[in-house]
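In what follows, a structure is listed as C-alpha cells, so that the remarks can point back to it.
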Amino acid sequence: MPAIPGRSCGSCTLCCQVLVIEELEKDAGTLCKNCSVGGGCKIYNKRPEVCRDFECEWLTERDVPQVLFPDRHGTLLMIDADSEEYLAVCDPKKPAAWRNPLMLKHLIAKAKEGEVVVAKSGTQAWRIYPNGQIAPWA
Ligand code: SF4
Ligand code: SF4
144 MPAIPGRSCG SCTLCCQVLV IEELEKDAGT LCKNCSVGGG CKIYNKRPEV CRDFECEWLT
204 ERDVPQVLFP DRHGTLLMID ADSEEYLAVC DPKKPAAWRN PLMLKHLIAK AKEGEVVVAK
264 SGTQAWRIYP NGQIAPWA
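Start counting the sequence shown at 144; every next residue gets the next number (the numbering used here).
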C-alpha cells in the first residue's frame, strides 16, 4: 500500500529495532546491526524481502493521527501477519508509550471496529477492548 502523501519514515527506525527478523537472526527489541540511526539502512539495496515489504500503519492508514509518528511517539502500529492482531509495539526506551491518551483513544477505536487490539512492551502484552477495558494478554 502506498504511503499517505506527506508521510515518510524519515528519521524513524523503530521497526528496525522492535521487530523480530528471522532472516537476520535479529531478536525483538534489539536494533538491527545494519541500522545507522539517523542514516537509515546500511544494506538498503540488499535488505531482506521482509524489510522491503514492511510498512507500519502510521505510514499507510489515514485513521492513524499524524502526531503518532512512531519515532516521536515510541509506538509501532502494525497488523500481525500470523495472528492478524492489531499491535501497538513499544520502543524499549518508552515502555508505557501505548498508554498515552491519544494512542489509547486510537486503540479503543480500532477495537470498536472489531480488531483484536494488543499492546506489547518487552515481554508483556495487554488486550484493549472496545469498552476501554485493559487486561493482560498471553
Ligand atoms: S516504524 Fe513505520 S515510520 Fe518508522 S521506519 Fe518503520 S515503517 Fe517507517
Ligand atoms: S536490514 Fe535494514 S531495513 Fe532491515 S531491519 Fe536492518 S536496518 Fe532495518
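Heads up, the beta-carbon is just placed ideally off N, CA and C, and yes, glycines get one too.
{"Asked": "Length of the line joining the Cα atoms of Val207 and Gly181", "Found": "24 Å"}
{"Asked": "Val161, enclosing beta strand (DSSP E) - first and last residue", "Found": "No beta strand (DSSP E) holds Val161; the alpha helix (DSSP H) holding it covers Cys158 to Val161."}
{"Asked": "Simplified DSSP state of Lys189, which is helix, strand or coil", "Found": "helix"}
{"Asked": "Collapsed DSSP secondary structure at Ile164 in the structure displayed", "Found": "strand"}
{"Asked": "Touching by the beta-carbon criterion (3+ pairs, under 8 Å), the stretch 149-156 and the stretch 226-242", "Found": "no"}
{"Asked": "Asn223 versus Val261, Lys253 and Cys152, residue with shortest Cα-Cα distance", "Found": "According to the sequence displayed, residue 223 carries Asp and not Asn. Cα-wise, what sits closest to Asp223 is Val261."}
{"Asked": "Meets three-Cβ-pair contact criterion under 8 Å: the stretch 181-192 and the stretch 238-254", "Found": "no"}
{"Asked": "Rounded separation between Ile164 and Gln276 - CA only", "Found": "32 Å"}
{"Asked": "N-terminal and C-terminal residue of the beta strand (DSSP E) that Pro279 is part of", "Found": "Ile277 to Pro279"}
{"Asked": "Distance between Glu192 and Pro273 (C-alpha atoms, nearest Å)", "Found": "35 Å"}
{"Asked": "Rounded Cβ spacing between Ile271 and Ala252 (contact assumed at less than 8 Å)", "Found": "Actually they do not touch by this definition, with Cβ atoms about 10 Å apart."}
{"Asked": "Distance between Arg195 and Leu219 (C-alpha atoms, nearest Å)", "Found": "17 Å"}
{"Asked": "For Gln209, the nearest candidate out of Tyr187, His249, Asp170 and Gly172 (CA to CA)", "Found": "His249"}
{"Asked": "Cβ-heavy atom distance, Cys155 to ligand 2, below 8 Å", "Found": "no"}
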